[in-house]
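Since the structure comes first, as structure tokens, the remarks are kept for the end.
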Ligand SMILES: *Cc1c(COP(=O)(O)O)cnc(C)c1O
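Numbering (this note's numbering), first residue to last: 912 to 1308.
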């Protein structure tokens, strides 16, 4: 073990109360709020230097000191992370921008950035002796959990609304997960998963209801900064569902400052949601700290169909502190964004990725993004899993 995790404890994101990281905690039992992993960054700083990076593995575990798994033997990796930061020159020119990057998370194992979150969470669950996992999911998270559980020789239970994309059902079964199709919404699937957890003694790895998915997703922040030569972009446009990624990237910025990689500069974080499911945008616009559950959520982008997010206040806080904003796009605009990204840059983005382009356009029009801002569009997944959901005109029937 050349490099070691500097994890010290878990901390309640609302109250700051400390919890033991060697116990399989999920949320703060007193208030139900998410816990964050904390590290001894002074210690991590000694080995996690910029100069040490070229010698490290190309996957997300390259940031070993700020990852939560203690024993290397518990790391389950499928090569997640290390995704390209593509310079989207044709797109930039078309939108009237100098510099636009696409962070292409679609090339991750299982086709989305969920591989980072579940790679970290499933590995840490294994370390904590939790070998039987469960989760409600309509999409990419279930596939990723199932794949990492398979690779770790662990048991996976998935509760999925039956109208989920075919690819997500098929992949879970292919990875050997126990798939239960639910005649209802994701909230119904969530209740069933919770009941199964209690009755069968399973560990529920729903997002931000366990502390370590955010740790996997934060590595996107580390990578972007590393790939930009230790500079911070001006804007990061993020398609937001539960918000684990945006919150994780924001956390990474603070850690990197303490590691001496960057100064106090920060990207403006843009939270993009679908018109048909925008609880966080609504709360941001009203100036509220927490979000109301969004009634009758609907959007083609399953990853953004999250009507109530447990980490709502963390997303809203990061957007506000960063000087960013929150914006909605319609399903039609997302699909237009997908087509444009595919035709101009050769990136076949999931609808969530298309949404980032649509959002950037709106913000350029509103003057909230300026020509010389360096913008990163977070393309969170690839489109191949959504083929049965896409409208006619994109080759789908
Ligand atoms: C899950 C998911 C999202 C939303 O991610 P959060 O970090 O939970 O907000 C966005 N895009 C895709 C493709 C997803 O699978």
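All residues carry an ideal CB built from backbone N, CA and C; glycine is no exception. Computed from a prediction, not measured in an experiment: that's the story for all the values here.
Put simply, of 1119, 1181 and 1100 the residue whose alpha carbon is nearest the alpha carbon of residue 1232 is 1181.
By the Cβ rule, the region 936-947 counts as touching the region 917-928, because three or more pairs are nearer than 8 Å.
Here residue 1004 is exposed, its C-beta having fewer than 16 other C-beta atoms within 10 Å. Boundaries of the beta strand (DSSP E) around residue 1090: 1089-1093. Ranked by Cα distance from residue 1086, the first of 1055, 1220, 1197 and 1009 is 1055. In the three-state DSSP reduction, residue 1180 falls in the strand class (E or B). Counting only runs of at least 4 residues, the region 1148-1230 fully encloses the following alpha helix (DSSP H) elements, listed from N- to C-terminal order: 1155-1169 and 1190-1197. In terms of side-chain proximity, the C-beta atom of residue 1233 is found no nearer than 7 Å to any non-hydrogen atom of ligand 1. The C-beta distance from residue 1239 to residue 1189 rounds to 5 Å, short enough to fall under 8 Å. Relative to ligand 1, the beta carbon of residue 1023 is positioned inside 7 Å of a heavy atom.
Ordered by chain, the residues meeting the criterion of a beta-carbon within less than 5 Å of a non-hydrogen atom of ligand 1 are 1023, 1051, 1150, 1151, 1152, 1153, 1154, 1155, 1156, 1214, 1261, 1263, 1291 and 1292. Between residue 1067 and residue 1041, the alpha-carbon positions lie close to 11 Å from each other. Within the same chain, 1275 and 1282 come within 8 Å of residue 1007 by CB-CB distance, once the 5 residues on both sides are set aside.
Selection 995, 913 and 1115 evaluated against residue 1037 yields 1115 as nearest (Cα-Cα). At a Cβ-Cβ threshold of 8 Å, residue 1069 and residue 1091 count as neighbours. The DSSP assignment places complete beta strand (DSSP E) segments of no fewer than 3 residues inside the region 1032-1079 at 1043-1047 and 1066-1072, in order along the chain.
Residue 987 sits close to residue 1033, with the two beta carbons spaced by under 8 Å.
Straight-line spacing of the CA atoms in residue 994 and residue 1072 works out to 30 Å. Excluding its 5 nearest sequence neighbours in each direction, residue 1210 has C-beta neighbours in its own chain below 6 Å: 1185, 1187, 1188, 1216 and 1242, listed in chain order. DSSP, reduced to helix, strand and coil, places residue 1097 within a helical segment of the structure shown. Residue 1293 carries a strand assignment under DSSP once its states are collapsed to helix, strand and coil. Beta-bridge analysis with DSSP links residue 998 to 1012. Remark: C-beta atoms of residue 1271 and residue 1192 do not approach each other more closely than 8 Å.
With respect to the 8 Å criterion, residue 1050 and residue 1075 are classified as neighbours on the basis of their beta carbons. Shortest Cα-Cα distance from residue 999 to any of 1278, 1266 and 1254 involves 1254. For residue 918, the uninterrupted beta strand (DSSP E) segment begins and ends at 918-923.
Straight across, the Cα-Cα distance linking residue 1103 with residue 1117 is about 12 Å. When rounded, the separation of the alpha-carbon atoms in residue 1225 and residue 1120 is 13 Å. With three or more CB-CB distances shorter than 8 Å, the region 1145-1162 counts as touching the region 1283-1290. Residue 1124 sits away from residue 1151, with the two beta carbons spaced by 8 Å or more. Residue 1295 and residue 1197 have their C-alpha atoms some 36 Å from each other.
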